[in-house]
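Only one structure is covered here, and it is reproduced in the block below.
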Ligand code: SF4
Ligand code: SF4
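Residue numbers (this note's numbering): 2 to 341.
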């Protein structure tokens with residue numbers, strides 16, 4: 002790993018040259034009203050590295066909300082063509098917890114039957130991560146993530162004063178930065194570590210993350226599920242904004258003329274009422290409380306047991322987006338601890 006240093010001004014000038022060169026689409030965090038979103042950058046001056054959290058995570062670039070998978074002419078099997086289009090992208094300024102979520106998404110979409118639509122987009126992406134410089138009232142990422150985000154980042158940035166310390170983690174990252182006006186880093190590892198941890202999380206899981214799968218296993222039947230479930234509106238916001246939720250539905254869209262059809266996949270989520278409806282209209286998670294429990298079990302038990310990492314990265318988006326103010330995992334585990 003190579004560690005360099007670049008002034009923020011020089012980094013922004015470098016990004017302007019990259020945007021103009023159009024070798025890849027440059028995406029970064031931009032301000033939208035009082036919130037932040039990931040969007041394509043027309044100029045580096047639009048980029049905001051000093052943000053709390055974005056409304057949606059960067060998963061939208063790898064698993065778009067709506068994506069065409071197949072095109073065909075109905076009733077003509079020879080016409081079926083798989084669609085897998087993407088263009089190279091560079092995403093600048095992804096917080097480490099969103100990188101940790103991409104690490105999980107990579108696992109989910111590459112195991113068993115490989116999802117070529119997701120994986121092609123990932124192969125054509127370059128990820129520039131960073132450590133948060135602003136607090137966020139519902140973030141608890143430090144109590145649920147380890148270093149998995151660094152396993153998918155090509156470059157990590159840490160802001161110190163007016164400079165960015167640049168850790169080059171992959172050959173792709175090194176190639177990307179080859180024309181940047183970066184110099185050898187002269188900050189000590191302690192200064193670097195302090196800067197990374199400068200912004201503390203506002204929240205914390207009340208138990209060690211390693212204990213959660215067993216803990217949930219012991220609390221399958223607990224009043225918490227009814228307590229929160231009865232307040233839930235089944236709006237699905239918590240799962241749609243979540244960086245580690247990747248469930249989708251596939252639908253056929255056929256023109257009325259029957260001249261053309263498309264198979265599309267769209268985001269779906271286990272908190273929506275009809276998510277678990279199967280043949281004959283049977284819904285195997287009909288109650289709000291069972292859907293609420295399933296979501297927490299998926300994050301805290303099923304995914305950790307499958308992949309070895311907690312299935313929630315502590316971004317706080319679910320808590321931010323929940324009208325009923327019940328979706329945040331910290332709130333759920335606090336309630337369980339208080340009502341043993
Ligand atoms: S469950 Fe909530 S806090 Fe955890 S990753 Fe998803 S949106 Fe973020
Ligand atoms: S955002 Fe809140 S109200 Fe909406 S489905 Fe999730 S838990 Fe229920």
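We put the beta carbon where it would ideally sit given N, CA and C, even for glycine.
The Cβ neighbour count for residue 22, taken over all protein chains shown within 10 Å, is under 16; the residue is labelled exposed. The beta carbons of residue 167 and residue 5 sit closer together than 8 Å. In terms of Cα proximity to residue 339, the closest of 140, 223, 200 is 223. Going by DSSP, residue 107 is part of the alpha helix (DSSP H) stretching over 97 to 111.
Taken atom to atom, the span from the alpha-carbon of residue 119 to that of residue 86 is near 10 Å.
A residue is called buried once 16 or more other Cβ atoms fall within 10 Å of its Cβ, and residue 113, having fewer, is exposed.
DSSP, read as helix, strand or coil, puts residue 220 in coil. Boundaries of the beta strand (DSSP E) around residue 250: 249 to 255. Taking each of 109, 110, 121, 56 in turn and checking the Cα distance to residue 84, the smallest one comes out for 121.
A distance below 8 Å separates the beta carbons of residue 29 and residue 48. Runs of the beta strand (DSSP E) lying entirely within the region 9 to 67, each at least 3 residues long, are 26 to 33, 36 to 41 in chain order. Annotation for residue 89: 25, 125 place their beta carbon closer than 6 Å to its own, counting only its chain and skipping 5 residues before and after. Taking the C-beta atoms as reference points, residue 98 is found no nearer than 8 Å to residue 162. One residue list follows from the rule of a beta carbon closer than 7 Å to any heavy atom of ligand 2, given in chain order as 233, 234, 235, 236, 237, 238, 239, 240, 272, 293, 319, 322, 323, 324, 325, 327, 328.
Taking 7 Å as the cut-off, the C-beta of residue 330 counts as close to a heavy atom of ligand 1. Counting along the chain, residue 321 sits inside the alpha helix (DSSP H) bounded by residues 318 to 322.
Going by beta carbons, residue 305 and residue 213 fall inside the 8 Å limit.
A direct Cα-to-Cα measurement between residue 243 and residue 36 gives close to 16 Å. Contact annotation: the region 133 to 145 touches the region 202 to 210, with at least three C-beta pairs closer than 8 Å. The residues 255, 259, 262, in chain order, have a CB closer than 7 Å to that of residue 75 in the same chain once the five nearest residues on each side in sequence are set aside. In the displayed model, residue 143 falls within a helix according to three-state DSSP. One thing to note: residue 91 has its Cβ no nearer than 8 Å to the Cβ of residue 57. Per DSSP, reduced to three states, the secondary structure at residue 286 is coil, with no helix or strand assignment. Between residue 174 and residue 155, the C-beta gap is smaller than 8 Å, which places the two residues in contact. Within the same chain, 27, 42, 43, 44, 45 come within 8 Å of residue 20 by CB-CB distance, once the 5 residues on both sides are set aside. Separation of residue 231 and residue 102 (C-alpha to C-alpha, rounded to the nearest whole angstrom) is 29 Å.
Cβ atoms of residue 276 and residue 270 come within 8 Å of each other, at about 6 Å. Sequence-distant partners of residue 240 (beyond 5 residues in either direction) whose C-beta falls short of 8 Å from its own C-beta, in its chain, are 246, 248, 270, 271, 272, 273, 296, 319. For residue 153, the shortest C-beta to heavy atom distance toward ligand 1 is 7 Å or greater. Residue 38 is positioned such that its CB atom lies no closer than 8 Å to that of residue 311. Remark: the C-beta of residue 245 is in contact range of ligand 1, defined as less than 7 Å to any heavy atom.
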